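See below for the structure under consideration.
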Amino acid sequence: MPPTGFPTDARKLRQWVDTLPRANAEATLKLVHQALACLHGLAWRGAVRAEALDILRPLAYDVMAPLSVKLRNAALPLAPNLVAATKVVEAMHMLLAHGYRQAVAELCAPDGKVPMLKGALVTNVLHRACSHFALALAQAWRSYRAPPAQAWQSLHRSYAFAQLLRLDTKVVDDNLSARSSSTRQIYLQSLLMALANPYAFAQAEQEALWHLALDYGIRLPVAGERPEGVSLALGADADRAFADDDVSVREWIDVSPLLADLQAAVAGASGETVYLSRQGSLPLDRRLAERWLQSLAASVTRNSLRLPGGHVLDTVLGMSSVHSYLNGGRNFSEFLQHLHQQQTTMAGNTSASFPGNDVTHARMLPARVLDQSQSGYRVSWPAEAQARVRIGELVALALHAESLQSRTWLLGTVRWLRYEDSDEVSAGIELLGLRAWPIALTPESGKAGKAQPLRAIEFVAGPGGNPRHGIIVAATAHVVLDGATVHRLDDDPSWLLHAQHHVIAANGPLRLVGEIGEYAVLSHEALVNDNSSEELSA
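Quick note on numbering: my numbering labels position 222 of the sequence shown as 661, and the sequence is numbered without any gaps.
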């Protein structure tokens with residue numbers, strides 16, 4: 440239903456806009472939303488509809504801006520009022536996009552051709568439509584929720600029509616975004632983001648990648664057939680990013696130059712900032728570059744054969760809780776006391792001090808397996824579990840049917856996460872180890888004196904694991920982890936069977952080989968630097 444006083448005569452639209460209660464942001468937001476929602480039912484000509492949308496579009500940006508500020512870096516999971524806010528922003532972009540798409544159809548009716556002297560108008564309107572479909576996707580990614588229904592399919596079809604009219608490469612100046620781009624750039628930007636799995640990145644990281652993808656996607660070479668390695672497939676007509684098979688693919692984009700550029704930038708980095716050769720003026724955080732490279736490389740196997748799920752796993756989240764469950768429910772102070780009782784030398788001393796106030800409130804949460812591969816699981820925690828999950832967090836997993844005494848815990852990390860409308864939490868779990876043991880790690884003493892033991896977990900991966908044997912510990916500032924001393928329980932026969940030979944075969948001290956979220960990965964092994972084959976894809 441149109442808002443009160445909304446004109447059916449487009450010539451009076453500016454007068455209606457002037458009467459809006461701008462001082463009342465909530466009321467203005469509601470009125471603009473209602474206005475956009477009613478446009479599709481008005482019998483206006485395409486050019487008139489496009490002009491009306493251009494009048495309402497800046498106003499929509501104004502009323503969305505406060506919501507976007509609230510959503511930026513908001514704590515996850517989003518509070519109910521913020522979930523409602525992100526849905527409003529997505530809906531506004533979808534209404535604008537559908538409105539512009541309708542205007543294009545009316546402009547090019549009845550034969551689907553650009554009318555005489557209307558080429559610039561059709562180009563601009565198609566660009567607006569694709570831009571807002573892409574922005575609706577980006578908003579969903581940044582709130583870690585599923586994209587709005589029909590966003591992908593509408594974007595695919597809008598771009599296909601632009602390509603059919605040969606308008607896809609024409610550059611459009613957009614004052615609201617302060618960027619010049621083509622419809623093809625926007626389309627490739629969205630696909631390149633989807634290929635990297637944006638749910639695996641923080642909001643600020645997504646924003647950085649979003650800007651990079653706009654400029655870099657258009658520079659990637661077109662391939663006549665499916666290229667080896669990482670590629671973008673253009674031509675899907677379903678409500679998903681990519682087609683299920685190669686039959687419908689109209690065009691291939693080779694992404695290997697981007698991977699090579701990222702590899703060279705990371706390899707040549709001397710600090711925390713790297714520069715892509717094609718974007719030398721735009722700095723990129725080194726860790727973000729590494730993770731972007733890994734995620735793109737993992738896309739090759741992300742859609743490979745996966746086994747169906749349906750069964751339930753017990754899961755434990757976080758270093759403290761995982762460590763506690765691995766050592767029979769003891770907190771870290773009790774664990775250190777047990778080590779001391781078995782006459783383990785702590786940091787070269789005959790006596791040991793144990794940190795106080797180490798209370799572990801470990802919870803075991805059931806998770807339903809959606810599907811799985813040899814590298815990990817896709818799982819879903821029910822709403823009632825109230826799972827507090829974050830990207831890069833440690834997860835221990837075990838079969839629900841096993842008894843607590845006999846179960847074997849797998850060790851993994853949260854690779855990506857998404858909050859569903861049902862309030863369930865979906866996540867991709869990348870497996871680190873098929874076996875895991877609780878340990879204490881004492882860094883080398885520094886200028887501050889004797890180093891305190893740190894809670895850590897030792898793991899052994901399956902075939903192809905990288906590294907095969909390692910230790911994961913919270914990355915602590917001002918603490919040198921290289922060469923740290925490991926303290927283990929001596930009454931665990933599974934460690935003797937599965938891990939001892941890795942330690943005996945060690946060819947050097949522990950050294951840092953990688954980072955996962957806020958954790959450091961240590962190993963006696965040198966990490967195999969082959970992102971295309973070793974990266975896991977949950």
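We treat Cβ as the ideally placed atom computed from N, Cα and C, and that holds for glycine.
The structure presented is a predicted model; accordingly, all values stated were derived computationally and were not measured.
**Prompt:** Exposed or buried, what is His940 when buried is set at 16 or more other beta-carbons lying within 10 Å of its beta-carbon?
**Reply:** The Cβ neighbour count for His940, taken over all protein chains shown within 10 Å, is under 16; the residue is labelled exposed.
**Prompt:** With contact counted as at least three CB pairs below 8 Å, one residue from each stretch, are the segment 562–569 and the segment 594–603 in contact?
**Reply:** Contact between the segment 562–569 and the segment 594–603 is present, with at least three C-beta pairs closer than 8 Å.
**Asked** When you compare each of Ala482, Gln602, Pro519 and Gln811 to Arg689 by their alpha carbons, which one comes out closest?
**Response** Of Ala482, Gln602, Pro519 and Gln811, the residue nearest in Cα terms is Gln602.
**Message:** Which residue marks the beginning of the beta strand (DSSP E) containing Ile868, and which one marks its end?
**Reply:** Annotation: the continuous beta strand (DSSP E) that includes Ile868 extends over Val864 to Gly872.
**Request:** Please report the residue range of the beta strand (DSSP E) in which Asp678 lies.
**Result:** Looking at the DSSP string, Asp678 is not in any beta strand (DSSP E), and its letter there is neither H nor E.
**Prompt:** Can you round the beta-carbon distance between Val755 and Met803 to whole angstroms, since I take them to be within the 8 Å contact cut?
**Reply:** About 6 Å; that satisfies the 8 Å criterion.
**Backbone CA spacing between Ala708 and Asp654 [nearest angstrom]** = Using only the alpha carbons, I get a separation of about 22 Å.
**Message:** I need the straight-line Cα distance from Gln891 to Leu833, nearest angstrom please.
**Reply:** The straight-line gap separating the alpha-carbon atoms of Gln891 and Leu833 is approximately 22 Å.
**Message:** Quick check on Phe640: does DSSP put it in helix, strand or coil?
**Reply:** The answer is coil: DSSP assigns Phe640 none of H, G, I, E or B.
**Request:** Tell me, to the nearest whole angstrom, how far the beta carbon of Leu510 is from that of Ser582; I am working on the premise that it is less than 8 Å.
**Result:** Going by Cβ atoms, the distance from Leu510 to Ser582 rounds to 6 Å, so yes, they are a contact pair.
**Asked** Taking just the CA atoms, how far does Gln781 sit from Thr789?
**Response** Low local confidence applies: a pLDDT of 44 at Thr789 is under 50, so the model's placement there is unreliable, and no value is given.
**Item:** Beta-carbon proximity check, Val751 vs Ala806, cutoff 8 Å
**Value:** Closer than 8 Å, so yes.
**Asked** So who's on the other strand from Asp613, going by DSSP bridges?
**Response** Note: Asp613 sits in a beta bridge opposite Arg618.
**Asked** Identify the residues that DSSP records as bridge partners of Trp855: which are they?
**Response** Per DSSP, the beta bridge partners of Trp855 are Gly867.
**Residue burial classification, Gln454 (beta-carbon count within 10 angstroms, cutoff 16)** = Exposed is the call here.
**Message:** Quick check on Tyr583: does DSSP put it in helix, strand or coil?
**Reply:** The three-state reading of DSSP puts Tyr583 in coil, since its state is none of H, G, I, E or B.
**Asked** Taking just the CA atoms, how far does Arg769 sit from Leu470?
**Response** If I take the Cα positions, the gap works out to 58 Å.
**Prompt:** Would you call Val610 buried or exposed, if buried means 16 or more other Cβ atoms sit within 10 Å of its Cβ?
**Reply:** Counting Cβ neighbours within 10 Å, Val610 comes out exposed, since fewer than 16 surround it.
**Asked** Should Leu935 and Leu949 be called a contact, given that it needs their Cβ atoms to be closer than 8 Å?
**Response** Going by C-beta atoms, Leu935 is not nearer than 8 Å to Leu949.
**Prompt:** When you compare only the Cα positions, how much space is there between Leu475 and Leu498?
**Reply:** Between the C-alpha atoms of Leu475 and Leu498 there is a straight-line separation of about 11 Å.
**Item:** Assigned exposure category for Ala938 - 16 Cβ within 10 Å defines buried
**Value:** Buried: at least 16 other Cβ atoms inside 10 Å.
**Asked** Shortest alpha-carbon distance to Pro722 belongs to which of Ser760, Leu651 and Val694?
**Response** Residue Leu651 is the option with its Cα nearest to Pro722.
**Asked** Around the Cβ of His926, are there at least 16 other Cβ atoms within 10 angstroms (buried) or fewer (exposed)?
**Response** Counting the other CB atoms within 10 Å of its CB gives His926 a total of 16 or more, which places it among the buried residues.
**Asked** Measuring CA to CA, which of Val527, Ala486, Glu490 and Lys451 is closest to Thr467?
**Response** Val527 is the residue among Val527, Ala486, Glu490 and Lys451 whose C-alpha sits nearest the C-alpha of Thr467.
**Asked** So what's Met785 in DSSP terms, helix, strand or just coil?
**Response** Because Met785 sits at a pLDDT of 47, beneath the cut-off of 50, its placement in the model cannot be relied upon, and the following sentence gives the value as read from the coordinates. Met785: strand per DSSP, three-state reduction.
**Request:** Whole angstroms is fine: what's the gap from Arg700's alpha carbon to Leu574's?
**Result:** Note on identity: in this sequence residue 700 is Asp, with Arg being the wrong assignment. Asp700 and Leu574 have their C-alpha atoms roughly 27 Å apart.
**Request:** Would you tell me roughly how many angstroms separate the C-alpha atoms of Val522 and Ala579, rounded to the nearest one?
**Result:** Taking the straight line from one Cα to the other gives about 10 Å.
**Request:** Verify whether the separation of the beta carbon atoms of Ser687 and Val669 is less than 8 Å.
**Result:** No; because the gap between Cβ atoms is not below 8 Å, this pair is not in contact.
**Message:** To the nearest angstrom, how far is the alpha carbon of Ala826 from that of Glu957?
**Reply:** If you take the alpha carbons of Ala826 and Glu957, they lie about 19 Å apart.
**Prompt:** Helix, strand or coil for Arg807 per DSSP?
**Reply:** Per DSSP, reduced to three states, the secondary structure at Arg807 is strand.
**Prompt:** For Ala710, which option in Leu698, Leu697, Asp693 and Ala728 has the closest C-alpha, if you only look at C-alpha atoms?
**Reply:** Checking the displayed sequence, the identity of residue 710 turns out to be Gly instead of Ala. Considering only Leu698, Leu697, Asp693 and Ala728, the residue with the shortest C-alpha distance to Gly710 is Ala728.
**Request:** Output the residue ranges of the beta strand (DSSP E) runs that lie fully inside the segment 875–950 and measure 3 residues or longer, sorted by chain position.
**Result:** When DSSP assignments are scanned along the segment 875–950, the uninterrupted stretches of beta strand (DSSP E) that are 3 or more residues long and fall wholly within it turn out to be 893–899, 908–913 and 924–926.
**Prompt:** Cα-Cα, which of Arg679, Asp810, Glu667 and Ser861 is closest to Glu869?
**Reply:** Nearest Cα to Glu869 within the set Arg679, Asp810, Glu667 and Ser861: Asp810.
**Message:** Please report the straight-line C-alpha distance between Asn905 and Pro882, rounded to a whole angstrom.
**Reply:** Rounded to the nearest angstrom, the two C-alpha atoms are 23 Å apart.
**Prompt:** Taking the alpha-carbon positions, what's the Ser971 to Arg730 distance?
**Reply:** Residue confidence for Ser971 is low, a pLDDT of 36 falling below 50, so the modelled location carries little weight; the figure read from the coordinates is stated next. Answer to the nearest angstrom: the Cα atoms are 13 Å apart.
**Three-state secondary structure assigned by DSSP to Trp820** = In the structure shown, Trp820 falls within a strand segment according to DSSP collapsed to helix, strand and coil.
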